[in-house]
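Residue numbers (our numbering): 208 to 288.
Okay, here's the thing in structure tokens:
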């Protein structure tokens, strides 16, 4: 599942960040920001009418991402604790 498809509030874990092309700077920046395998992540809020941006929380940090950027992140659902 892609991070862009994750329902609001659903817990998940980052699986990987996919490069759109060789030396993809956006994918590398996402990795640098902490979107790495095993990190818990969730969608906190969604833009107006379900559009951009998505407010994503990873750890204690929140990021606003476009859906196209969030689509680069593969996640796996995590059972609620």
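Backbone N, C-alpha and C fix where the C-beta goes; we use that ideal spot for every residue, glycine too.
Neighbour-count burial assignment, residue 251, 16 or more Cβ in a 10 Å radius: Taking the chain shown and counting its residues from 1, one reaches residue 251 at position 44. Looking at its Cβ environment, which holds fewer than 16 other Cβ atoms inside 10 Å, residue 251 is exposed.
Beta-carbon contacts of residue 245 that lie in its chain and below 8 Å, excluding the five residues immediately before and after: Start at 1 with the first residue of the chain shown, and residue 245 comes out as number 38. 220 and 221.
Beta-bridge partners of residue 281, as assigned by DSSP: Along the chain shown, read from residue 1 onward, the residue named residue 281 stands at position 74. Residue 281 is bridged to 209 and 223.
Opening and closing residue of the beta strand (DSSP E) in which residue 271 lies: Indexing the chain shown from 1 puts residue 271 at position 64. Going by DSSP, residue 271 is part of the beta strand (DSSP E) stretching over 268-272.
Among 227, 248 and 280, nearest to residue 269 - alpha-carbon criterion: Taking the chain shown and counting its residues from 1, the one referred to as residue 269 is at position 62. Residue 248 is the option with its Cα nearest to residue 269.
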